[in-house]
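Each remark here refers to the structure printed beneath this line.
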Amino acid sequence: MITAADVDYHPSEPSARTWAETIVLVFSVPEAGILGNAYVLSRPNVGATISSVVVHSGLCTQPYEIDFTDPQMHVPAPDVFSKFTLESGLSLEATNAPRDFRVSYENALGACRFDLQFQGLHEPFDVHDATQNPLVAGADGPVDTGLGDVWANGHYDMIGHVTGTLELRGKEYQVDCFDGMDRSWGPRAELGHSGAAWIHVTLGPDFGLHLGMALGIRNGEVIYDGLRFGYVVEDGEVFGITHATVEASRVDMIAVNNHITAVDVRGKKHEFFGTAVGGAPWYSFSPAYVSCQSLFRYQVGNRVGYAEATDVLGLEFLAERLSSSGRLRAVATSHANGA
């Protein structure tokens, strides 16, 4: 169960140099095809923090097409994780922990700034709580969350209403969207040897869906390789997901359409078809990964919603399977051919 205390640093041995505390907020301006992320990874026992901001519009298949990126590795770690301002210009305050946050940013060169409020629509979803996540009920041993040690320890997800303003290279936008955030803590070596998808579907204040999916490579293509956790939120009530499938078509590893099916603990089925209005490969939130992320449009009847879906791919995960020296390259190809 997640409490307000989980917004702050968690106890750890001072010798645990790989201990990390992270938080990420997603925001968008769908009518402009804009998708943004603000990400912080702090290592309090080292005293250093990664601060990374990215904003992109439309389909950007190459990093140089991204409208704005500011990855600062590293800045001094804040003393408190629930309210801080980093030397990068990124600030965060838990205004109603653990659900509501204010996140603001001021670029040193004046290229980007934003001031955003995130209001959670529900109680945080604790990936490791069997009362919320049916996939861990009765589990014997560590839970495979799909991304190695990144989500294997403390981790919660939440969908919220994001409002505020964004100024991107002199042009101002109003932000009013529904999307996700997450918070993680624990030892993580950032080896980049795995991959997982972090997917949201939102249709306004009364409905959202979140999936964490494992990723694989078959015949040189990224595939969704099984549900690791997920939930549906309807009118503020959370229902764990028991089964899900995702398929996607991609351009240079950026998903441009997808098909999602899911079944929750009530036996209720959900199905969505998404079309991307923007996307980009975000290489700079961590040196070990690329986040191939898209802003998807979903329509159900007369309702339309937009939300981020990202394939978080470790660079070592990709190299082992796709590079000319990759030891699993032949295995991935033969698996796809039925060998």
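Quick note on the numbering used here: the sequence shown kicks off at 1025 and runs consecutively. All C-beta atoms in this analysis are idealised placements derived from N, C-alpha and C, irrespective of residue type, glycine included.
Check whether residue i and residue j have beta carbons under 9 Å apart
| i | j | result |
| --- | --- | --- |
| Leu-1110 | Val-1064 | yes |
| Arg-1207 | Thr-1073 | no |
| Ile-1241 | Glu-1147 | no |
| Leu-1320 | Gly-1291 | The residue asked about is misnamed: residue 1320 is Phe in this sequence, not Leu. No, Cβ-Cβ distance for Phe-1320 and Gly-1291 is not below 9 Å. |
| Glu-1258 | Asp-1230 | yes |
| Asp-1032 | Phe-1105 | yes |
| Ala-1044 | Trp-1209 | yes |
| Ser-1308 | Ser-1076 | yes |
| Pro-1305 | Pro-1087 | yes |
| Gly-1178 | His-1034 | yes |
| Asp-1094 | Gly-1113 | yes |
DSSP three-state assignment for residue i, whether helix, strand or coil
| i | result |
| --- | --- |
| Tyr-1088 | helix |
| Ala-1135 | coil |
| Thr-1343 | The sequence given here places Ala at residue 1343; Thr does not occur at that position. Reduced to three states, the DSSP call for Ala-1343 is helix. |
| Leu-1159 | helix |
| Arg-979 | Outside the shown range of the chain (1025 to 1363) lies residue 979, about which nothing can therefore be said. |
| Val-1070 | coil |
| Asp-1032 | coil |
| Glu-1214 | coil |
| Glu-1258 | strand |
| Thr-1042 | coil |
| Glu-1147 | coil |
| Arg-1353 | helix |
| Ser-1310 | coil |
Own chain residues within Cβ distance below 7 Å of residue i, not counting five before or after
| i | result |
| --- | --- |
| Thr-1042 | Pro-1211, Arg-1212, Ala-1213 |
| Phe-1253 | Val-1151, Asn-1157, Leu-1159, Thr-1169, Gly-1236 |
| His-1359 | No answer about His-1359 holds up, because its pLDDT of 49 lies below 50 and its placement is not dependable. |
| Asn-1282 | Val-1270, Glu-1271, Ala-1272, Gly-1298, Phe-1320, Ala-1333 |
| Asn-1069 | Ser-1036, Pro-1038, Ala-1040, Arg-1041, Trp-1043 |
Contacts around residue i, its chain only, beta-carbon distance under 6 Å, and the 5 residues preceding and following it disregarded
| i | result |
| --- | --- |
| Gly-1057 | Ser-1081, Gly-1082, Val-1301, Gly-1302 |
| Ala-1161 | Ala-1154 |
| Glu-1284 | It is Ile, not Glu, that sits at residue 1284 in the sequence shown. If we look at Ile-1284 and ignore the five residues flanking it on each side, its Cβ neighbours are Val-1270, Phe-1296. |
| Gly-1232 | Ile-1183, Thr-1226, Val-1257 |
| Val-1127 | Leu-1049, Ala-1062, Leu-1116, Leu-1140 |
Whole-number beta carbon distance between residue j and residue i, since they are thought to touch under 8 Å
| i | j | result |
| --- | --- | --- |
| Val-1050 | Asp-1203 | 4 Å |
| Ala-1135 | Arg-1193 | 6 Å |
| Asp-1335 | Leu-1239 | 6 Å |
| Gly-1338 | Ala-1312 | 6 Å |
Own chain residues within Cβ distance below 8 Å of residue i, not counting five before or after
| i | result |
| --- | --- |
| Val-1324 | Leu-1227, Phe-1296 |
| Ala-1268 | Leu-1235, Met-1237, Leu-1251, Gly-1254, Ile-1284, Thr-1285, Ala-1286, Val-1287 |
| Pro-1054 | Cys-1201, Val-1301, Leu-1319, Arg-1321, Tyr-1330 |
Q: Spell out a yes or no on whether the stretch 1084 to 1101 and the stretch 1321 to 1332 are touching, meaning 3 or more CB-CB pairs, one atom from each, closer than 8 Å.
A: Not touching, per the Cβ criterion.
Q) Within the chosen definition, does the stretch 1183 to 1192 reach the stretch 1140 to 1154 through at least 3 CB pairs nearer than 8 Å? A) yes
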